[in-house]
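Here's the structure we're looking at; comments come further down.
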Amino acid sequence: MRLKPCKWCGRPVEQRRWWRPKRFCGRWHHVKYRFTSLVMNVVDSF
Ligand SMILES: [Zn+2]
1 MRLKPCKWCG RPVEQRRWWR PKRFCGRWHH VKYRFTSLVM NVVDSF
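Following the working numbering, the numbering of the sequence shown begins with 1 at its first residue and continues without gaps.
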């Protein structure tokens, strides 16, 4: 079993499917990450 750190909090995440790696420990960290990158894009465009 491989472990990869969550992109948001750095917690190791179990990789059960090698063809579709999980980069976040939970759905909310995925949502937060996407939301933050969206906000950054909007701020950049000003
Ligand atoms: Zn996380």
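Every residue gets a Cβ at the ideal spot worked out from N, C-alpha and C, and that includes glycine.
Please find out if some non-hydrogen atom of ligand 1 comes closer than 7 Å to the beta-carbon of residue i.
i     : result
Arg11 : yes
Trp19 : no
Phe35 : no
Phe46 : no
Do residue i and residue j have their C-beta atoms closer together than 8 Å?
i     : j     : result
Arg23 : Lys4  : yes
Cys9  : His29 : yes
Got a sec, what are the start and stop residues for the alpha helix (DSSP H) residue i sits in?
i     : result
Arg17 : Run containing Arg17: none; DSSP gives neither H nor E here.
Arg11 : Run containing Arg11: none; DSSP gives neither H nor E here.
Taking the beta strand (DSSP E) that residue i belongs to, which residues open and close that run?
i    : result
Arg2 : Arg2 to Pro5
Rounded to the nearest angstrom, how far is the Cβ of residue i from that of residue j, given a contact under 8 Å?
i     : j     : result
Cys25 : Arg11 : 5 Å
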